[in-house]
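Residue numbers (this note's numbering): 89 to 340.
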């Protein structure tokens, strides 16, 4: 009887192991996606962990990582890196995975484009930091307790389209002859990053999104098309919470 009971318990534990092993996502320490940075008017406000946000310090907001988690953030386009500490919650736009402080965004070279494609990696706290909270008590978590989850819909690496002439292109990479006004969301020096941004911008209908290949060699992601500046400004007011730093441009 004891022998049968032992086998039954072992079988139950085995099936429970299989259930939990297959029911939960793999634990990851790295992720990729788009980053944005705080607007200037957040300076001096209280963050989710009770600190006062200082735009000149290397901090960031993440949806769920524990406060005081340190991340190495790499700008995939130019290779620049910065290490930041999580002290806030956000971003709340579905096509962003992290919000950076102004200082961190400046180091990564994102003040111009407004958002960039980044690689995130959890790291140990730096020995020295310009952040006066660097000596806070870091949560003592096992390495697999701090993790980054990729989106349920993984980011697909785009193949570069065929934009060979200056002008405006829709999301299908078809050239569009248009005039009037648009709202610039971001600007990139390579088409691959521009297309990735376009694909991950799911808060704006695809028929409103365009890529403008400018004569300075930049690929601008813009929203349009608008016949008047007033119309463009009204649309801008509807989307600027998810796209801080966006602005109206005249098509030429």
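Backbone N, C-alpha and C define an ideal beta-carbon position, used for all residues, glycine too.
Item, Value
"Per DSSP, which one or two residues make a beta bridge with residue 211?", "158"
"Three-state secondary structure (DSSP) at residue 230?", "Per-residue confidence for residue 230 stands at a pLDDT of 40, beneath the threshold of 50, marking its modelled position as unreliable; the derived number appears in the next sentence. If DSSP states are grouped into helix, strand and coil, residue 230 belongs with coil."
"If you drop the 5 nearest sequence neighbours on each side, which residues of the same chain put their C-beta closer than 6 Å to that of residue 331?", "273"
"Could you check what DSSP says for residue 278 in three-state terms: helix, strand or coil?", "coil"
"Are residue 210 and residue 163 touching if we call contact CB-CB under 8 Å?", "no"
"Alpha carbon to alpha carbon, what distance is there between residue 259 and residue 165?", "21 Å"
"Classify residue 254: buried if its beta carbon has 16 or more other beta carbons within 10 angstroms, exposed otherwise.", "exposed"
"Taking only three categories from DSSP, how would you classify residue 163?", "strand"
"If you drop the 5 nearest sequence neighbours on each side, which residues of the same chain put their C-beta closer than 7 Å to that of residue 130?", "141"
"By the 10 Å Cβ neighbour count, where 16 or more other Cβ atoms means buried, how is residue 152 classified, buried or exposed?", "exposed"
"How many angstroms separate the CA atom of residue 206 from the CA atom of residue 324?", "25 Å"
"As a quick exercise: from 292, 173, 275, 329, pick the residue whose alpha carbon is nearest that of residue 304.", "275"
"Just the Cα atoms here: how many angstroms apart are residue 126 and residue 143?", "8 Å"
"If the criterion is Cβ atoms closer than 8 Å, does the pair residue 177 and residue 149 meet it?", "yes"
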